[in-house]
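Numbering (the numbering used here), first residue to last: 820 to 1314.
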């Protein structure tokens, strides 16, 4: 481990970490540009580098992009990646209250803690946790998705029925294209480009960014904030203290993110949803979430970035990438003639530990850059709305198009944005719609695969056979009962 630390602290390694961080911040801050795209673009530059240097640069880009995606989420309600959706729910409200700098600092510090916990877990517990990941099959992934769907009850707003309807709408949007099995075409209306389905990031841009632009134009407010923005000194330190004042939320969310990140295919979006759900469930004041709760930003960012470190566990210990960027990193290793697997820790300890340290160092560098720029970035709210609205719309269109270079994604994003704007006028919260869009592509294939197995061995034996499934069912049931009880208690207090 010490040899890996020394390797990560060499001038060359630190240089490549900084290069990766700068590239990652750029990628994460631009809506529609993902860590997968960034790592793929940097991959050719690693061919002539030593394995530890190439991994340091790619890992730093991955970490920095995960941390930087909170910037557009907090400032203009535009998640840079699906993982930042829950960050936008509270981060943007904080910005509207004149606390944009606090939102950025809180997200950065929480991301740093999550990255550190994920990195150290990757360093010390890869073997045992990789074996846990192997216990997850289609039934277990299905129950993880169902458990995450219970978040609808926490973010539904004033009406639980409207929240459920929004979640169902999101799930239906997620089914556009060819079905997971059977090659059945659904909701394409004869448009061939829709056969590949609607991209999740483009859909989230439509759900959150486009309605915000329409709201800016409709309200005719001079500035975005509803409170006067004042630049203050000591915001960074005060915000860090505020985050550390509730350490349980920070640690719990980081642990959840690490565990979920280990599961191949789950990744940051599921981790942030589960962590946000738990933050709401254990809060004494549930109503503040979605209205500018710093705890919501902390839960989302710490878990999403811990998932990045967790995704490295199956990659290194089993040779199975836990996320799309991890798959690119796997390609970089294979091109270097290095094959991850159960013996990788013993045969290449310097590469493994230097990579883990590089991930942690990248989190530190990204946080300090973000904290330094937070005050300047927060001043974006001082831009008059007549200029800010076109800028946000331009970035939304570019982001929706850049993912697949498909103009249909842009039109669908705009159409979805208009629909969500009208639904918001009718009292529907956009959160459940985005939740359904994210979880639909995860829950449906898992359900179909589990049902295919159930035909041979029986429904109950498949969905209830494992201890993991039973535990997830218990958590889902407890979450639903808690939400119902909390709603009744709040209703009695209101009466």
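Beta carbons: idealized from backbone N, C-alpha and C, even for Gly.
Give the DSSP bridge partners of residue i, in chain order.
i, result
"residue 1039", "Note: residue 1039 sits in no beta bridge, so no partner."
"residue 1004", "997"
Would you decide whether residue i is buried or exposed? Buried here means 16 or more other CB atoms lie within 10 Å of its CB.
i, result
"residue 1095", "buried"
"residue 1202", "exposed"
"residue 1307", "exposed"
"residue 1002", "exposed"
"residue 810", "The requested residue 810 is not part of the displayed model; the chain covers only 820 to 1314."
"residue 1053", "exposed"
"residue 773", "The structure shown does not extend to residue 773, since the chain is modelled only from 820 to 1314, so the question has no answer here."
"residue 1108", "buried"
"residue 1178", "buried"
"residue 881", "buried"
"residue 1172", "buried"
Could you name the residues of the same chain whose beta carbon sits closer than 8 Å to that of residue i, not counting the 5 residues immediately before and after it, in chain order?
i, result
"residue 1186", "886, 927, 928, 930, 931"
"residue 837", "879, 1184"
"residue 997", "1003, 1004, 1005, 1014, 1015, 1016"
"residue 1301", "1100"
Express the C-alpha separation of residue j and residue i in angstroms, rounding to a whole number.
i, j, result
"residue 968", "residue 1291", "12 Å"
"residue 1067", "residue 889", "22 Å"
"residue 906", "residue 1020", "15 Å"
"residue 1145", "residue 839", "15 Å"
"residue 980", "residue 987", "11 Å"
"residue 1102", "residue 1014", "42 Å"
"residue 1079", "residue 1039", "42 Å"
"residue 1140", "residue 859", "14 Å"
"residue 877", "residue 1204", "37 Å"
"residue 1197", "residue 1026", "23 Å"
"residue 873", "residue 1151", "8 Å"
"residue 1228", "residue 1143", "20 Å"
"residue 841", "residue 1270", "45 Å"
"residue 1295", "residue 1252", "20 Å"
"residue 866", "residue 1153", "11 Å"
"residue 971", "residue 1250", "8 Å"
"residue 898", "residue 892", "4 Å"
So the alpha helix (DSSP H) residue i belongs to, where does it begin and stop?
i, result
"residue 1023", "1019 to 1023"
"residue 872", "870 to 887"
"residue 959", "957 to 968"
"residue 859", "854 to 861"
"residue 1012", "Looking at the DSSP string, residue 1012 is not in any alpha helix (DSSP H), and its letter there is neither H nor E."
"residue 832", "830 to 848"
"residue 1068", "1066 to 1081"
"residue 1176", "1168 to 1197"
Looking only at its chain, what residues have a beta carbon closer than 6 Å to the beta carbon of residue i, apart from the 5 residues adjacent to it on each side?
i, result
"residue 1058", "921, 924, 925"
"residue 993", "1256, 1259, 1260"
Under 7 Å: does the beta carbon of residue i sit that close to some heavy atom of the ligand GTP?
i, result
"residue 1120", "Absent from the structure shown: the ligand GTP. Ligands present: none."
Among residues of its own chain, excluding the 5 on either side of residue i, which ones have a beta-carbon nearer than 7 Å to its beta-carbon?
i, result
"residue 1305", "1105"
"residue 1089", "963, 967, 1079, 1261"
"residue 884", "843, 846, 847, 854, 857"
"residue 1181", "836, 839, 840, 878, 879, 882, 883"
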